[in-house]
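Reviewing the structure listed below.
Numbering (my numbering), first residue to last: 5 to 269.
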């Protein structure tokens with residue numbers, strides 16, 4: 005399975021992985037995460053790979069969570085060899101980590117990693133936005149609008165995993181529309197780490213990727229390259245700025261020394 009197949013809503017089933025996209029079919033109205041997936045991996049290793057990738061992206065797996073081969077093999081009814089193949093591929097893409105003699109786990113990104121991740125996303129996605137400006141067809145604009153609308157509705161109904169997935173698919177759709185498979189592959193590799201950073205450091209409240217900003221992006225894409233690039237940069241900056249180091253609760257000294265005060269003399 006190529007990286008391009010990870011894009012699940014806007015792509016036509018007839019599009020070959022190695023084709024440069026010049027148009028996208030409007031996505032149908034979807035009501036659940038299961039309906040949202042239009043591409044189904046064809047092998048056991050692909051199924052394991054895709055499930056873990058999506059689980060990290062949707063924050064169903066937490067930073068540091070262990071991924072045991074035997075449990076995965078039982079869950080997906082495949083051999084441990086196929087599980088190992090999927091884990092090796094995910095590790096190569098830095099979606100998971102393989103620890104010496106300790107198996108696989110979900111990475112634990114630091115707040116310092118956020119700067120590198122968002123710098124890379126700005127390089128890729130601001131350029132994508134600039135080059136797409138004024139070039140999108142009505143069908144492509146409708147696809148982006150549809151994703152933004154579904155994201156808002158999913159979040160309103162409390163389907164947060166679906167909202168997170170649709171947010172990622174919005175960004176993937178833009179990369180796919182650009183047509184450069186290298187940029188798409190880079191973005192696909194950055195999205196899971198973004199989700200892990202959001203899981204660890206995002207301030208409470210609000211969507212992972214605010215849908216109204218996606219609406220603003222759609223409007224900017226219909227203007228000029230400068231507007232589109234600036235709007236994407238603003239959007240990514242807002243995401244990065246929503247991250248903050250957790251603060252330990254402040255303890256009173258009386259709580260620290262309570263055990264000593266209450267000790268018998």
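Beta carbons are placed, not taken as given, at the ideal position from N, Cα and C, and that holds for glycine. This one's a predicted model, so the numbers in the text were calculated from it and none came from an experiment.
Please name the residue in the options whose C-alpha comes closest to that of residue i.
i: residue 1; options: 89, 147, 122 and 70; result: Past the edges of the chain, shown from 5 to 269, lies residue 1, and the structure says nothing about it.
i: residue 75; options: 94, 108 and 50; result: 108
i: residue 146; options: 162, 169, 181 and 118; result: 181
i: residue 164; options: 121, 194, 64 and 241; result: 64
i: residue 205; options: 118, 93, 86 and 89; result: 118
i: residue 237; options: 88, 218 and 72; result: 218
i: residue 247; options: 199, 216 and 227; result: 199
i: residue 86; options: 59, 72, 103 and 50; result: 50
Determine the extent of the beta strand (DSSP E) in which residue i is found, giving its start and end residues.
i: residue 109; result: 107–109
i: residue 102; result: 101–103
Would you report the Cα separation of residue i and residue j, rounded to the nearest angstrom?
i: residue 154; j: residue 123; result: 28 Å
i: residue 125; j: residue 55; result: 23 Å
i: residue 189; j: residue 179; result: 9 Å
i: residue 221; j: residue 234; result: 9 Å
i: residue 207; j: residue 101; result: 26 Å
i: residue 78; j: residue 232; result: 46 Å
i: residue 225; j: residue 139; result: 8 Å
i: residue 37; j: residue 161; result: Model confidence at residue 37 stands at a pLDDT of 33, short of 50, so the residue's coordinates are unreliable; what they give is reported in the following sentence. The alpha-carbon atoms of residue 37 and residue 161 are separated by roughly 13 Å.
i: residue 241; j: residue 130; result: 11 Å
i: residue 186; j: residue 239; result: 22 Å
i: residue 113; j: residue 223; result: 33 Å
i: residue 30; j: residue 103; result: Caution is warranted here: a pLDDT of 32 is assigned to residue 30, below 50, making its placement in the model unreliable, and no coordinate value can be reported.
i: residue 244; j: residue 167; result: 18 Å
i: residue 159; j: residue 171; result: 10 Å
i: residue 156; j: residue 105; result: 43 Å
i: residue 61; j: residue 169; result: 7 Å
What first and last residue would you give for the alpha helix (DSSP H) that runs through residue i?
i: residue 54; result: 48–61
i: residue 187; result: 185–205
i: residue 153; result: 142–160
i: residue 168; result: 164–182
i: residue 241; result: 229–245
i: residue 120; result: 115–136
What is the C-beta distance between residue i and residue j, in whole angstroms, given that I count them as a contact (C-beta under 8 Å)?
i: residue 84; j: residue 229; result: Wrong, their Cβ atoms sit about 50 Å apart, outside the cutoff.
i: residue 82; j: residue 52; result: 6 Å
i: residue 121; j: residue 47; result: With 8 Å as the limit, residue 121 and residue 47 do not qualify as a contact, their Cβ atoms being about 30 Å apart.
Taking all protein chains shown into account, do 16 or more other C-beta atoms lie within 10 angstroms of the C-beta of residue i, making it buried, or fewer, making it exposed?
i: residue 25; result: Low local confidence applies: a pLDDT of 31 at residue 25 is under 50, so the model's placement there is unreliable, with the coordinate-based value given in what follows. With 16 or more other Cβ atoms within 10 Å, it is buried.
i: residue 115; result: exposed
i: residue 143; result: exposed
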